[in-house]
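In order, the protein sequence lines correspond to chains A and B. Under this note's numbering, the first residue of the first sequence carries the number -11, and numbering increases by one thereafter. Under this note's numbering, the first residue of the second sequence carries the number -11, and numbering increases by one thereafter. Glycine included, each C-beta is placed from N, C-alpha and C at the ideal position. To start, the structure under review is shown below, and the notes come after it.
There are 2 protein chains.
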Amino acid sequence: MNALADSVRTRNMQKRRGRLLAEARRLLARGGYEALNLRDLAQAAGVTVPTIYNLIGRKEDVLLAVAAGVLSEVEARTAPARAADPLDQAAAVVETSTRLFAEEPEFYRAAFLAVEWLDQGGQHHAEVARIYAWVGDLMESGLAACRDAGLIVGDIPPAQMAALITRSFRMSCRGWAFGHYDVDEFRRLALGDFYITLCADAVETFRRRLTRRIATLAAPAAQASTSTGLRAQVHRGESQ
Amino acid sequence: MNALADSVRTRNMQKRRGRLLAEARRLLARGGYEALNLRDLAQAAGVTVPTIYNLIGRKEDVLLAVAAGVLSEVEARTAPARAADPLDQAAAVVETSTRLFAEEPEFYRAAFLAVEWLDQGGQHHAEVARIYAWVGDLMESGLAACRDAGLIVGDIPPAQMAALITRSFRMSCRGWAFGHYDVDEFRRLALGDFYITLCADAVETFRRRLTRRIATLAAPAAQASTSTGLRAQVHRGESQ
DNA sequence: AGAGAATTTTATCCTTGATAAAATTTTATC
DNA sequence: GATAAAATTTTATCAAGGATAAAATTCTCT
């Protein structure tokens, strides 16, 4: 009962746990929430179902672990990266997200699906709250950088602006994670929302810069993507 | 086989169907998605499970019907209501939502949970798309009213602004539907987001009006929590 | 009233989350 | 190195929930 020991047993457990989480992400990212069931997960990881319970916990805990993974990963990989230009620094959240999403789509898509699922399930989860608190803080510090550079008037409470950006950012992430659009469209949307929000409290020169950037974003591939995939859904036996 | 007949049979079926949907809403609004299972639903409505399949369809169709209900209800109850003031007209979406949410919380909460669930489930649903397309259109026409009144500069594509407002609006609705905050907080958030977005492209005088309104909104406490955890650096100056 | 159509119910299947108890593997002690 | 104890994995099984076929019932129309 040596608690410190990095024993064979402990190492194997960690390895199995890692495999389980990796497979959970793969299943989630590929087939969405409904594709993640404990039997398939166990089989994919080469263990049996009760082992999942032993190594991770109930299904909710699996999702929680997937969601928690993204936070540590992101915190580790997000450089402090103080850009010279405060606008670029502020936009860094979006640019970084875009890069990460493009590099490891499976990882982030899975994490996002997990988060959205957990958030929907009644209870409050500290992990989920922490993730968005982290995004919110980044947004707010971006705002602060702009304010310090004299680019922002200061008529609107920064917290309120940060909250707005965070809300719309989350929706943009959702759209990507759910497969409504690709990562480029995600970047366009998130960056556009960000610039527009900044415009709301921007000094005149800064505002001109922002509107120019917004015009650039709107570029070629139009939108209309998300809401037009209207495949007629036949209602059975629905006589009106 | 008279299709037109408003026969006893048809009338009873409609009545049962109505009871089923009403009970579905009740179960959803009270216990969230997990509380809505077909057996309980059938029992609550005084029928058996296969009857649900006959009158409505599979579980997904029940959710779809609940979601669809909100659109017809809202379209019916939303007056054309051209306010004298274009700002008020633009904000009408939020004010109307607030009123409806307060009047029939069960109905709207259920519809929202249904929509969010459907949206998460991989497939595209025309009903869901239509609901948010409708919101987006209202937002855009509000913007148009402001533009026609000369309150908006026109540097930012209205569609992009409308999309931003719609995204954040949806998140605010979510928060209310999931019980993260009450209807007053919902109104504050949604209205605040709306005003900030308008600020982004507002003529100077209009912008002053908006920031004043924003300051008014921020008013009294409520709850800090929600999801952001942002500590406000309260900008209190600018009282004018 | 009675034939035939439409609807509801009875009975049952299958998937999936969850867990107790047995079997196995690892650790610690002599 | 053998063996007892502890920890972990597996076998077997339950219960809940979505879904459906087939029987029973109700309604319509002549």
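Cβ neighbours of residue i in the same chain (closer than 8 Å, five flanking residues each side left out)
i, result
"B:ALA55", "ALA99, ALA102, VAL103, LEU106, HIS113, GLU115, VAL116, ILE119"
"A:LEU205", "ARG176, LEU179, GLY180, TYR183"
"B:GLN2", "none"
"A:ARG147", "Correcting the residue type first, residue 147 of chain A is Ala in the shown sequence and not Arg. GLU128."
"A:VAL191", "GLY138, LEU139, ILE140, VAL141"
"A:ALA210", "For A:ALA210, the predicted model reports a pLDDT of 44, less than 50, meaning its position is unreliable; a value from the coordinates is still stated below. Closer than 8 Å at Cβ, skipping near neighbours: no residue."
"A:SER160", "PHE174, LEU177, ALA178, ASP181"
"B:THR(-2)", "none"
"B:GLY158", "Going by the sequence as given, residue 158 of chain B is Arg instead of Gly. TYR120, VAL123, listed in sequence order."
"A:ASP73", "none"
Within 9 Å, strictly: CB atoms of residue i and residue j
i, j, result
"B:ALA17", "B:VAL82", "no"
"A:SER156", "B:SER85", "no"
"B:GLY130", "B:ASP189", "no"
"B:GLY180", "B:ILE144", "no"
"B:LEU152", "A:THR185", "yes"
"A:MET127", "A:ALA90", "no"
"A:GLN108", "B:PHE166", "yes"
"A:ARG87", "A:LEU43", "no"
"B:GLY124", "A:GLU22", "no"
"B:ALA121", "B:ALA78", "no"
"A:LEU59", "A:ARG197", "no"
Limits of the alpha helix (DSSP H) - the one that residue i falls within
i, result
"A:ILE44", "Unbroken run through A:ILE44: none, as it is neither H nor E."
"A:THR199", "192 to 205"
"A:ASP28", "26 to 33"
Cut-off 7 Å between Cβ atoms - residues of its own chain near residue i, not counting five sequence neighbours on either side
i, result
"A:ARG13", "VAL54, GLU94, PHE95, ALA98"
"B:LEU51", "ALA102, TRP105, LEU106"
"A:LEU29", "LEU8, GLU11, ALA12, LEU15, ILE40"
"B:LEU24", "ALA12, LEU15, LEU16"
"A:TRP164", "PHE89, VAL171, PHE174"
"B:LEU26", "VAL37, ILE40, LYS47"
"A:ARG224", "Low local confidence applies: a pLDDT of 33 at A:ARG224 is under 50, so the model's placement there is unreliable, with the coordinate-based value given in what follows. No residues qualify anywhere along the chain."
"B:GLY57", "LEU9, ALA99"
"B:GLY20", "LEU101"
Close Cβ partners of residue i (< 6 Å) along its chain, the five nearest in sequence each way excluded
i, result
"B:GLY217", "Because B:GLY217 carries a pLDDT of 36, less than 50, the predicted location of this residue cannot be relied on, and no value is offered for it."
"B:ARG195", "CYS187"
"A:PRO38", "none"
"B:THR154", "VAL123, GLY124, MET127"
"B:GLY45", "none"
"A:THR199", "none"
Q) Which residue spans inside the segment 143 to 177 of chain B form an unbroken alpha helix (DSSP H) run of at least 4? A) Along the length of the segment 143 to 177 of chain B, whole alpha helix (DSSP H) runs at least 4 residues long occupy 146 to 165, reported in chain order.
Q. Enumerated in chain order, which unbroken segments of the alpha helix (DSSP H) with a length of 4 residues or greater are wholly contained in the segment 59 to 144 of chain B?
A. Listed in chain order, the complete alpha helix (DSSP H) runs (minimum 4 residues) inside the segment 59 to 144 of chain B are 74 to 91, 93 to 108, 114 to 136.
Q.
Under 8 Å: do the segment 32 to 46 of chain B and the segment 59 to 68 of chain B share three or more Cβ pairs, one atom per stretch?
A. Cβ pair count under 8 Å is below three, so no.
Q) Do the segment 167 to 176 of chain A and the segment 130 to 144 of chain B meet, that is, are 3 or more Cβ pairs less than 8 Å apart? A) Taking 8 Å as the limit for Cβ pairs, the verdict is that the segment 130 to 144 of chain B does not touch the segment 167 to 176 of chain A.
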